[in-house]
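Structure record follows, encoded as C-alpha cells.
2 protein chains.
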Amino acid sequence: MEGLDRAALEQVSEYFKSLAEPTRLCLINALRDGEMSVSDLAEAVESTPANVSKHLSLLASTGFVERRTQGTSVLYRIADSDIYALCDLVCGHIAKRIAAKSNVQAMIRRVAKRA
Amino acid sequence: MEGLDRAALEQVSEYFKSLAEPTRLCLINALRDGEMSVSDLAEAVESTPANVSKHLSLLASTGFVERRTQGTSVLYRIADSDIYALCDLVCGHIAKRIAAKSNVQAMIRRVAKRA
DNA sequence: TGCTTATTTAACGAATTGGTTGTATAGTAG
DNA sequence: CTACTATACAACCAATTCGTTAAATAAGCA
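Protein sequences, first through last, are from chains H and R.
In terms of the working numbering, the first sequence is numbered consecutively and its last residue is 116.
In terms of the working numbering, the second sequence is numbered consecutively and its last residue is 116.
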C-alpha cells in the first residue's frame, strides 16, 4: 500500500471499518462452518434479525460475505477466507502485546522482590 | 480466533478500529521509512499537530506505534510491522474485488455486443 | 529566571454509527 | 386470494468520533 493517495486510503479504511465491530466479527465467526440464514445468525449472535440483516449487507458491500436466496430465507456465506487471516494477524498482535505486558509485570515483581 | 467470547471480540474490534481511519493509515504509511516527530508527521499528512498527536496516542494504545522523546520533540515509530501485512491483505482483497468487477463488466460488454 | 518551541490535553460541534421499532417486500402454504 | 414467514428498509435515538481551538505541560536556551 506504499504509494496510496488519500482516496485509496479512505477505501482501505472502509474495509477495516467493516471489521471493526464486535457483532460483525461474531457473524464472521459463526459463518466459519458454512452458510447460515439471517434468522439463524441472529440467534447465534444473540441479536435481532433486523440488526443482523443490516450488518450482513454492510459486510456484503465490502465483499467479505455473499448472499444466496433459498425459499423465503437468505443464506449468507464467507466470500473471501482471507478475512480469517486478517483476524488471525490481529489476534497474534494482541497475543504478543499480552505476552510483552506479562513480561513487564514479571520484571516488576522481580524488582519488587529484590527491594 | 475460533472460540472467542464477546469480550475478546470486542478487543479485536478495537484493534481493527484503530486502523479504520484514513488519517491513521496515512500516518502509518509515513512511518514506513523510520521514526518521525509529531510536527513532521502533521506536515506529511497535512493536518494539525493536535490532531496527529491524538491519532498517534490511539495507535500507541493499541501497540502499533511506539514513542521516544528527544529534546522537545517526540519521535514515533512502527512497533509491529505486522501492521503492513494487515494493510496488504486488505489491499489484496480490494484488488480482487476490482478485478472481479471488471470481469463482470467485460462479460456484460460481451453479452451486449452479441445482442 | 523568563522566552520559545513541541507536544499533549480539554472542551466543543458536526457527523457517523449501532441498535430498536415499525413498515414494506417477497416467497410459500393453505 | 389470504395468511404467514423471512428478510430488508426507513426513521429515529443514544453514543461515539474526527477535527478544531484554546489552554496546559515540558524541554531547551538566552
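Cβ atoms here follow ideal geometry from the backbone N, Cα and C, with glycine treated the same way.
Determine the DSSP secondary structure at Glu11/R, reduced to helix, strand or coil. helix
Name the chain H residues that come within less than 8 Å of Asn30/R, Cβ to Cβ? Met2, Glu3, Leu5 and Leu10
Distance between beta carbons of Arg78/R and Leu32/R, contact taken as under 8 Å: 6 Å
Take Tyr85/H as the anchor and find which of Leu20/H, Ala9/H and Ser40/H has the nearest alpha-carbon. Leu20/H
With which residues is Tyr77/R paired in a DSSP beta bridge? Met37/R and Arg68/R
Quick one: which residues of the segment 86-100 of chain R get their C-beta closer than 9 Å to a C-beta of chain H? List them in chain order. Ala86, Leu87, Cys88, Asp89, Leu90, Val91, Cys92, Gly93, His94, Ile95, Lys97 and Arg98
Minimum Cβ-Cβ distance from Leu26/R to chain H less than 8 Å: yes
Quick one: is Asp81/H near chain R, going by C-beta distance under 8 Å? yes
Buried versus exposed call for Ala43/R [16 or more other C-beta atoms within 10 Å across all chains shown]: When all chains shown are included, Ala43/R counts as buried.
Cβ closer than 7 Å: which chain R residues qualify as neighbours of Ser14/H? Ala21, Glu22, Pro23 and Leu26
Inter-residue Cα distance where the pair is Ser40/R and Gln71/H: 56 Å
By DSSP, does Leu57/R sit in helix, in strand, or in coil? Residue state, collapsed to three classes: helix.
Count the other C-beta atoms from every protein chain shown that fall within 10 angstroms of the C-beta of Ala80/H, then say buried if there are 16 or more, exposed otherwise. buried
Using only alpha-carbon positions, find the residue among Glu11/R, Ser58/R and Asp89/R that is nearest to Met129/H. The question about residue 129/H has no answer here: the residues shown for chain H are numbered 2 through 116.
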